[in-house]
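Protein chains in written order, with the working numbering: chain A, 113 to 382; chain B, 802 to 1139.
All C-beta atoms in this analysis are idealised placements derived from N, C-alpha and C, irrespective of residue type, glycine included.
Predicted, not measured: the structure shown is a model, and the values here were computed from it.
This report refers to the structure that appears directly beneath it.
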């Protein structure tokens, strides 16, 4: 209490206490964390306190990647995998967005399909792989189907959620200006739902990459997933990690592609 | 390696006890034996059920696996102490990393004894795949690259100058399904699986593996490198018990020298682990039909093992620097076919 009295007498200047608690960009910290972890693994495997059974040496993984690229095998594995991803995800995401928008717009369809989607969502798609092999054949058909099915449900859920979240006041404004139903869907609902759809797409495409490995479990000789499975069977950790690195890069690239799409499609947000 | 671990110390005690030729007097050591639900693991089943492991001073527990590769990984991670499975690319890689060692042999192909069969799907058979000579370009089912199926398929087709397309399906069950539905054209498998499949009419037997790979050392006995190198007492105790189980199996099922009653007794033991879901009468037929030689005294066929290593290396599935010494410790059992 004596302090307060003394403070009041001296009229102390109060420093600014606001600010903080807001993330600020720190460009170098992300790469530095990666580098530190990789350096630690390199040192550990080199010095011997990480056994070759536990973790491969990062430099050996890089050498494996370079050898893979040089031999042209990288292309042999990437091409089928990218095709499977593109076709499967295009089918799943395309159908998912269409169904999601329909659910968002029509109450009858919502009542009919939302429980169905909720029933389909938790099914582990990997468990259905043998069934897909019978339905769609052991070749590309079953792989497309697995990825399509796996991306379909999260896309539907993200899309109808996004449609539901479109600003009602904008729709009412369109109605007071006498816009037709189709005009409102095209000019207000779809653009308004786009941020939600695109962020759903990030999740769907990550799931597609996860399912790629599962899809290539049955009958695939080439593909990044088949390459990883083969490396695992041979207990070849360098190749296993090389494959995992490729999948990670694929994830980063799709995420960047969606980022670019967002900047293009969501420019209207200003 | 030089530090005295608890396991190492126990090993020394075990070795000392074995040296005194009184292993049963030592406290019984717990060992986990990797097995699969196949008749080729009968040596372990019999040794456990008839108390041979206990006689050797081991408190053995069977741990079951669905494929050869996970068993090798379990030995490397010390979740299992001994395993019996085919030489695979994974096993060789783990041996190269200093984790496991092959210490003996088990299942063998032998001329004159009904061994593994080469199968064709019904569709492929009708389209003309009636002998292994037609395997070139056909879809041959394998579990994973570097599995024993991969080796067999490649060697059999190569005998006719062919090269099949190998289709990895991860699990034996998936391969059976794919073969039945005609998604793949051919496969090779032990007779107790092959014969019922052929009897169902969905697949056809088109040849014998033994005709192409005589003396093929199908499965081997292996343990962790630490056991093989530093725990001779334990390894010898295991091999002694395992060999007694193998001898019983061969006498009852392969040579049929022990009489009908002994055969039925062994079938009873195997039926606890193989086709346990089927009634005994039905299972007994498959188990008896599928009898293949297990190497007496866990002897190992060096020529066959060398051929397998060379094939894995020629296909680039394992490192070219692996030698027989890398993964083989021949100090425990008799070597044949050298």
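Between the beta-carbon of residue i and the beta-carbon of residue j, is there less than 8 Å?
i: residue 198(A); j: residue 170(A); result: no
i: residue 1123(B); j: residue 1110(B); result: yes
i: residue 763(B); j: residue 1078(B); result: Within the shown structure, residues of chain B are numbered from 802 to 1139, placing residue 763(B) beyond reach of any answer.
i: residue 863(B); j: residue 836(B); result: yes
i: residue 954(B); j: residue 969(B); result: no
i: residue 319(A); j: residue 366(A); result: no
i: residue 917(B); j: residue 992(B); result: yes
i: residue 890(B); j: residue 1119(B); result: yes
i: residue 997(B); j: residue 1087(B); result: yes
i: residue 958(B); j: residue 930(B); result: no
Count the other CB atoms within 10 Å of the CB of residue i; is the residue buried (16 or more) or exposed (fewer)?
i: residue 328(A); result: buried
i: residue 204(A); result: buried
i: residue 220(A); result: exposed
i: residue 1009(B); result: buried
i: residue 284(A); result: exposed
i: residue 233(A); result: exposed
i: residue 280(A); result: exposed
i: residue 246(A); result: exposed
i: residue 988(B); result: buried
i: residue 826(B); result: Confidence at residue 826(B) is low in this model, with a pLDDT of 48, below 50, so its placement is unreliable and the value that follows should be read with caution. Exposed.
i: residue 292(A); result: exposed
i: residue 375(A); result: exposed
i: residue 756(B); result: Outside the displayed span of chain B (802 to 1139) sits residue 756(B), for which this structure offers no information.
i: residue 895(B); result: buried
i: residue 1028(B); result: buried
i: residue 237(A); result: buried
i: residue 933(B); result: buried
i: residue 865(B); result: exposed
i: residue 927(B); result: exposed
i: residue 1061(B); result: exposed
i: residue 1135(B); result: exposed
i: residue 1019(B); result: buried
i: residue 380(A); result: exposed
i: residue 266(A); result: buried
Starting from residue i, trace the beta strand (DSSP E) in both directions and tell me its first and last residue.
i: residue 1009(B); result: 1004–1009
i: residue 863(B); result: 859–865
i: residue 988(B); result: 987–990
i: residue 918(B); result: 918–922
Could you give the residue range of the alpha helix (DSSP H) that holds residue i?
i: residue 940(B); result: Residue 940(B) -> not in any alpha helix (DSSP H); beta strand (DSSP E) instead, spanning 940–943.
i: residue 280(A); result: 280–288
i: residue 294(A); result: 293–296
i: residue 171(A); result: 170–183
i: residue 966(B); result: No alpha helix (DSSP H) holds residue 966(B); the beta strand (DSSP E) holding it covers 966–969.
i: residue 1028(B); result: 1026–1031
i: residue 951(B); result: 949–959
i: residue 1056(B); result: That residue, residue 1056(B), is in no alpha helix (DSSP H); it is neither H nor E in DSSP.
i: residue 756(B); result: Outside the displayed range of chain B (802 to 1139) lies residue 756(B), so it cannot be described from this structure.
i: residue 853(B); result: 853–856
i: residue 981(B); result: 973–981
i: residue 984(B); result: Unbroken run through residue 984(B): none, as it is neither H nor E.
i: residue 873(B); result: 869–877
i: residue 247(A); result: 241–248
i: residue 1076(B); result: That residue, residue 1076(B), is in no alpha helix (DSSP H); it is neither H nor E in DSSP.
i: residue 303(A); result: 302–327
i: residue 362(A); result: 349–377
i: residue 123(A); result: It is not in any alpha helix (DSSP H) - residue 123(A) carries neither H nor E in the DSSP assignment.
i: residue 915(B); result: Where residue 915(B) is concerned, there is no enclosing alpha helix (DSSP H), given that its DSSP letter is neither H nor E.
i: residue 110(A); result: This structure cannot settle anything about residue 110(A), because the visible part of chain A is limited to 113 through 382.
What does residue i pair with, by DSSP beta-bridge criteria?
i: residue 1129(B); result: 903(B)
i: residue 886(B); result: 1021(B)
i: residue 835(B); result: 864(B) and 884(B)
i: residue 909(B); result: 1018(B)
i: residue 1095(B); result: 908(B)
i: residue 1137(B); result: 1102(B)
i: residue 136(A); result: The partner list for residue 136(A) (beta bridge, DSSP) is empty, contrary to what the question assumes.
i: residue 830(B); result: 859(B)
Determine, using beta carbons only, whether residue i comes closer than 8 Å to chain C.
i: residue 170(A); result: Included in the structure are the protein chains A and B, with no chain C among them.
Three Cβ pairs or more, each shorter than 8 Å: is that satisfied between the stretch 913–923 of chain B and the stretch 1001–1017 of chain B? At 8 Å Cβ cutoff, the stretches touch.
Inter-stretch contact at 8 Å, needing at least 3 Cβ pairs: the stretch 1012–1026 of chain B / the stretch 896–903 of chain B: yes
So, does the stretch 353–371 of chain A touch the stretch 334–345 of chain A, judging by three or more C-beta pairs under 8 Å? yes
Touch check for the stretch 313–333 of chain A and the stretch 187–197 of chain A: three-plus C-beta pairs under 8 Å? Cβ pair count under 8 Å is three or more, so yes.
Pair every Cβ in the stretch 1064–1073 of chain B with every Cβ in the stretch 874–889 of chain B, then say whether three or more of these pairs are closer than 8 Å. no
Are the stretch 940–957 of chain B and the stretch 306–315 of chain A touching, with three or more C-beta to C-beta distances below 8 Å? no
Could you say if the stretch 904–916 of chain B and the stretch 1090–1105 of chain B meet the contact criterion of at least three C-beta pairs nearer than 8 Å? They touch, by the three-pair rule.
Are there three or more Cβ pairs, one per stretch, closer than 8 Å when the stretch 147–167 of chain A is compared with the stretch 223–233 of chain A? no
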